[in-house]
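Q: Sequence lines, in order, name chains W and U.
Residue numbers for the first sequence follow my numbering, so the first one is 1 and each next one is one higher.
Residue numbers for the second sequence follow my numbering, so the first one is 1001 and each next one is one higher.
2 protein chains.
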Amino acid sequence: MGWGIATTITGGDGKGLLLPNRKAPTPQYASTKEMEIAIRRIREETGPLVDIISMDPEDLHAHGYSEWSTVNASSLPVAVAYPRSTEQVSTIARICHEYHVPIIPYSGGSSLEGNFSAPFGGISVDFAYMDQIVQFNREDMDVVVQPSIGWQDLNDQLADMGSRLFFPVDPGPTAKIGGMIGTNCSGTNAVRYGTMKDWVINLTVVLADGTVIKTRRRPRKSSAGYNLNGLFVGSEGTLGLVTEATLKLAVAPEALSVAVVTFPTIRDAASAAAEVMQNGIPVAAMEIMDEVQMRVVNLGGATAPRVWRELPTLFFKFSGTKASVAENIGSVQGIARRNGGGKFEFARDGREQKLLWSARKESLWSMLALRKGREEVWSTDVAVPFSRLADIIEVSKKEMDDLGLFASILGHIGDGNFHESILYDPNNGEREKVEECVKKMVRRALDMEGTCTGEHSIGWGKKESLLWEVGPDTLAVMRAIKAALDPRWILNPGKIFDRQAN
Amino acid sequence: MGWGIATTITGGDGKGLLLPNRKAPTPQYASTKEMEIAIRRIREETGPLVDIISMDPEDLHAHGYSEWSTVNASSLPVAVAYPRSTEQVSTIARICHEYHVPIIPYSGGSSLEGNFSAPFGGISVDFAYMDQIVQFNREDMDVVVQPSIGWQDLNDQLADMGSRLFFPVDPGPTAKIGGMIGTNCSGTNAVRYGTMKDWVINLTVVLADGTVIKTRRRPRKSSAGYNLNGLFVGSEGTLGLVTEATLKLAVAPEALSVAVVTFPTIRDAASAAAEVMQNGIPVAAMEIMDEVQMRVVNLGGATAPRVWRELPTLFFKFSGTKASVAENIGSVQGIARRNGGGKFEFARDGREQKLLWSARKESLWSMLALRKGREEVWSTDVAVPFSRLADIIEVSKKEMDDLGLFASILGHIGDGNFHESILYDPNNGEREKVEECVKKMVRRALDMEGTCTGEHSIGWGKKESLLWEVGPDTLAVMRAIKAALDPRWILNPGKIFDRQAN
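1) Report the three-state DSSP secondary structure of Gly14 (chain W) (helix, strand or coil).
2) Ala273 (chain W) and Leu228 (chain W): beta carbons closer than 8 Å?
3) Thinking Gly1471 (chain U) and Asn1417 (chain U) are a contact (beta carbons under 8 Å), I'd like their distance in whole angstroms, please.
4) With Gly230 (chain W) as the anchor, note down where its alpha helix (DSSP H) starts and where it stops.
5) Give the DSSP-derived three-state secondary structure of Val1442 (chain U) in the structure shown.
6) DSSP three-state call for Met1286 (chain U): helix, strand or coil?
7) Spell out whether any CB of chain U is found under 8 Å from the CB atom of Thr507 (chain W).
8) Have a look at the DSSP bridge pairing and note the partners of Gly320 (chain W).
9) Please classify Thr32 (chain W) as buried or exposed, where buried requires at least 16 other C-beta atoms within 10 Å of its C-beta.
10) Relative to the C-alpha of Glu67 (chain W), which residue among W:Ala326, W:Met35 and W:Gly109 is closest?
11) Counting only beta-carbon separations shorter than 8 Å, does Asn1184 (chain U) have a partner in chain W?
12) List the endpoints of the continuous beta strand (DSSP E) containing Gln1500 (chain U).
13) Hey, does Met1441 (chain U) have any beta-carbon neighbour from chain W nearer than 8 Å?
14) Can you say whether Gln1088 (chain U) is buried or exposed, counting buried as having 16 or more other CB atoms within 10 angstroms of its CB?
15) Answer with buried or exposed for Glu58 (chain W), where buried requires no fewer than 16 other C-beta atoms within 10 angstroms of its C-beta.
16) Touching or not, the segment 1166–1184 of chain U and the segment 1353–1367 of chain U, by the rule of three or more beta carbon pairs under 8 Å?
17) For a quick check, are the C-beta atoms of Gln152 (chain W) and Val134 (chain W) less than 8 Å apart?
18) How would you list, in chain order, the residues of chain U whose beta-carbon sits under 8 Å from the beta-carbon of Glu327 (chain W)?
19) Leaving out five residues before and five after Met55 (chain W) in sequence, what residues of the same chain have Cβ atoms less than 6 Å from its Cβ?
20) What did DSSP end up calling His63 (chain W) once you bin it into helix, strand or coil?
21) Is the CB of Ala1452 (chain U) under 8 Å away from at least one CB in chain W?
22) Helix, strand or coil, according to DSSP, for Lys1462 (chain U) in the structure here?
23) Per DSSP, Ala1081 (chain U) forms a beta bridge with which residues?
24) Using 8 Å as the limit for Cβ to Cβ distance, is Arg22 (chain W) near chain U?
25) Using a threshold of 8 Å, state whether the C-beta atoms of Arg1218 (chain U) and Glu449 (chain W) are closer than that.
26) Counting along the chain, where does the alpha helix (DSSP H) carrying Ser90 (chain W) start and finish?
27) In whole angstroms, give me the CA-to-CA distance for Gln1353 (chain U) and Tyr226 (chain W).
28) Candidates U:Asp1268, U:Ser1396 and U:Trp1357: which alpha carbon is nearest Gly1342 (chain U)'s?
29) Rounded to the nearest angstrom, what separates Ala270 (chain W) and Leu1112 (chain U) at their Cα positions?
30) Label Ser74 (chain W) either buried or exposed according to how many other C-beta atoms from any shown protein chain fall within 10 Å of its C-beta, with 16 as the threshold for buried.
31) Can you find at least 3 beta carbon pairs, one from the segment 230–241 of chain W and one from the segment 1488–1501 of chain U, that sit closer than 8 Å?
32) Give me the Cα-Cα distance between Ala1189 (chain U) and Asp1381 (chain U), rounded to the nearest whole angstrom.
33) Kindly say whether Leu1466 (chain U), judged by its beta-carbon, lies nearer than 8 Å to any beta-carbon of chain W.
34) Quick check on Met1367 (chain U): buried or exposed, where buried means 16 or more other Cβ atoms within 10 Å of its Cβ?
35) Below 8 Å, how does it come out for the segment 458–472 of chain W and the segment 122–138 of chain W: are there three or more Cβ pairs, yes or no?
36) If I measure Cβ to Cβ from Trp1489 (chain U) and keep anything under 8 Å in the same chain, skipping five residues before and after, which residues do I get?
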């Protein structure tokens, strides 16, 4: 069956199960007065020792506006709540449910598609004070954490406890577990270790009306009932507020090697990457960076005085036992050579490995640091099947270069996933050109049977793309699930899709 | 937060979102007359070239009764439909929706918990004629298939096309992709390759009212909208009928080695297995079999004249490059020795590897072959965190042995997942004793924070266990999702949970 059929065969009689949501009115949220009552009641029920509510204007701005997001809503939350426990989150939800007040969860704030913006006002729930490891089950290879622990901090704490275990999902350095669950994020390790959904054993979730559920106990594998982990992960806080998560951990490999290799063109680099995957070589990570992004790394100076060649480049991480690392390097070198690749340059020691990899991971922030005056960065991602990678990257890069702006391509090419990052001045008409260029890339990815986002998620910014991607009937299924779990539509409204069908 | 809290903190006001489903009445299904009209209309709309409906009594029996299931309903389906296309499945659903006729999907029929039983009658939809590879995307490492292709047949066809790619999820030999999706099945390879949900790229699904959706296009990774793949996989046909699936494929490893090693006690074997996992050794498979199950292998004669020692045993599969296989064998041998393990015995060649592994995989059928007279087999599975594996296996085996029946323990121990298989005579009161023994094992697994099923799923037989496992509020979330997507409750009713709260 081709893709198009999904919207043409419809067996319903026009009064089918999905229709009610299509005709649902725009949600009506609390008036200012009701909002004030709700906030007062939250203060009463969670106080008096600590006031968990902030209405400080700077705080509201920080929780409703992002300088690195592709989009921002014109409104801000009316309050920020800082709960200390699942019980307090439950209280907030119960009261917001009663008064129809929107709730927007907030953890690291590093998302890129307006995911924590507040288009309908409401209360931003910042989990800043829920950032602890609750329980480390060393023998079971899992850890129970609160949502505002950062993945780097989690790994540092595990290392401090003398553990060989680590949490392998590695998005942007400032990302926290709660948001990582919300967006089903990934990172450079995803090609080896998978994405966030693959590492969640259970979640404690506060539902729209304040009910607290736990999705499962602690088995690493289960076929018992619906996979609620898989549903809540990636739902961007629109179905519930995650207040605790049990995460699988992996055993740190014995040996690690980091290398870079340059190619004459970005197409050659992409072709080599696809071949590595098609040969099943278990690289630990494989990243593509174009010549512009390599320049950003050099400008950032993370590995100074060492300077990298400013050419299309693949970054590799190899890990495993010493013998398997050596074998994998040999196999990948052969593939790179056949695709025009140069000599492998290896990080010389653990310190350089770390610096080089962090230079890759800091790339968005390095771009942001290069902004002058009023410039902004548009950073977006798509993913396509392997066979189309070289094509889409080549064409998209050309179109991007034709803009005449400072712009780069980079990404997790082993997952078929890459990013465009474009610096522009929003005040001289550049934004429209950038937006058009990005939308063309998204359309192209969909035409190639890809997705409009491999890891950033939909948020406020990519709702139209999601509709293009899955079509109205699939979107109606998502909307029906949302309506069932959040009938008053108070959880992160305006994200992923609107209540009314587009 | 401990487990118990989920049912004690509830923020709702008693009029919350989950309540409507708790009070919903038992569904009313079509009368015999309405059922007849529905069947006639299905015949009319899908004919006249082929009659896709069978009402042959033997056919009805084969689609409503299973001699290897732990439970069977007292009723049978009233008809079996054999659709040839997604469009025909859509027609069936649309008409059944109109007349309130239950629909029960059927593919391999090898499930163990009454998953395809027909407690409310209705139409069994057997996908037997939808068993093809629709499209093989070699470069993208994926394949589009219909639901009734068997996983072994899929792999044979891929090999015939000269591909190094294979589909790694390996449950019972007769399982087919549709049912494997329904139960989120796994198998011996799961410890290395994960379970069914990890291998699904997209699904074409016929919803309750006949609407056809596709969950995604073909990206191997995506963060776009709700993870409907993850929701439909494991939902046992209660949310929709899968008519097509795009599956990821893996590259076959270069080298393979199969070995067995015996231990003085089942506890020692389980301890060794947990240590292998805790050391992160990437075994391709690791299975436990007790002395009874080893006897079954010998009795089966698959590897005759070679006879295996009838002691608690671990089966290992090692795969990768030659060097990494050698390294992994060395590491595992060290762990086995420290836990009292004997000498590793390796399969001598590819043929013996295959025979030995298939003896393991055929174990349930080998048990069935040993039945005398009216005897039946009860086969059930649980999974627990690694640290509890040795404890639960030791105690459960003792309780099982105390029954004085022919009974064995075996399983996918690298996932913390194992099975009890017990031969009993249902006509002399043994069934009650067996059931009590099995339920005690399930309770014990839950007390150890495990799950009532690692891979068999809930079906008709384990609904009570699921309630024990997740509690009423989590079950209410599942029920709310079901009610949203299947408001007339026609899709595989009576499975996973009942419409009315238990």
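Idealized CB from N, CA, C, for every residue including glycine.
As the structure is a computational prediction, the values presented were derived from the model and not from experiment.
A: Let's see:
1) In this predicted model, Gly14 (chain W) has a pLDDT of only 31, less than 50, meaning its place in the structure is not dependable; the value taken from the coordinates is given anyway. Coil.
2) Against a cut-off of 8 Å, the Cβ pair of Leu228 (chain W) and Ala273 (chain W) comes out as no contact.
3) Not really, about 22 Å apart at Cβ, beyond 8 Å.
4) Annotation: the continuous alpha helix (DSSP H) that includes Gly230 (chain W) extends over Leu228 to Phe232.
5) It is helical.
6) Met1286 (chain U): strand per DSSP, three-state reduction.
7) This structure gives no information on residue 507 (chain W), because the portion of chain W shown stretches from 1 to 502.
8) By DSSP's assignment, Gly320 (chain W) forms a beta bridge with W:Ala255.
9) Exposed: under 16 other Cβ atoms inside 10 Å.
10) Nearest option by C-alpha distance: W:Gly109.
11) Among the CB atoms of chain W, one or more fall inside 8 Å of the CB of Asn1184 (chain U).
12) Looking at the DSSP string, Gln1500 (chain U) is not in any beta strand (DSSP E), and its letter there is neither H nor E.
13) Judged by the 8 Å Cβ criterion, Met1441 (chain U) is not in contact with chain W.
14) Buried: at least 16 other Cβ atoms inside 10 Å.
15) Taking every protein chain shown into account, the CB of Glu58 (chain W) has fewer than 16 other CB atoms within 10 angstroms, so this residue is exposed.
16) Yes: the two stretches touch, three or more of their Cβ pairs being nearer than 8 Å.
17) No, the pair does not count as a contact, with Cβ atoms beyond the cut-off.
18) Under the 8 Å cutoff, chain U gives Thr1321, Ala1323 and Ser1324.
19) Leaving aside the five residues that flank Met55 (chain W) on each side, the residues in its chain whose CB is nearer than 6 Å to its CB run, in chain order, Ala79.
20) Of the three classes helix, strand and coil, the one that applies to His63 (chain W) here is helix, per DSSP.
21) For the record, residue 1452 (chain U) in the displayed sequence is Cys; it is not Ala. Put simply, the CB of Cys1452 (chain U) is near chain W, with a gap under 8 Å to one of its CB atoms.
22) In the three-state reduction of the DSSP assignment, Lys1462 (chain U) falls in the coil class, being assigned neither a helical nor a strand state.
23) In the DSSP output, where bridge partners are listed per residue, Ala1081 (chain U) has U:Ile1053 and U:Val1125.
24) Because the pLDDT at Arg22 (chain W) is just 41, under 50, the model does not fix this residue reliably, and the point stays unresolved.
25) A contact, by the Cβ cut-off of 8 Å.
26) That run of the alpha helix (DSSP H) goes Thr86 to Tyr99.
27) Between Gln1353 (chain U) and Tyr226 (chain W), the C-alpha separation is close to 36 Å.
28) U:Asp1268 is the residue among U:Asp1268, U:Ser1396 and U:Trp1357 whose C-alpha sits nearest the C-alpha of Gly1342 (chain U).
29) The straight-line gap from Cα to Cα measures roughly 46 Å.
30) Result: exposed.
31) Three or more Cβ pairs closer than 8 Å define a contact, and the segment 230–241 of chain W falls short of that threshold against the segment 1488–1501 of chain U.
32) It is worth fixing the name first, because residue 1189 (chain U) is Asn in this sequence and not Ala. Taking the straight line from one Cα to the other gives about 17 Å.
33) For Leu1466 (chain U), the answer is yes, since a Cβ of chain W falls inside 8 Å of its Cβ.
34) Answer is buried; the Cβ neighbour count reaches 16.
35) Contact fails: fewer than three Cβ-Cβ distances are below 8 Å.
36) Beyond the five residues adjoining it in sequence on each side, Trp1489 (chain U) comes within less than 8 Å, by CB distance, of Pro1027, Lys1482, Ala1483 and Arg1499 in the same chain, given in chain order.
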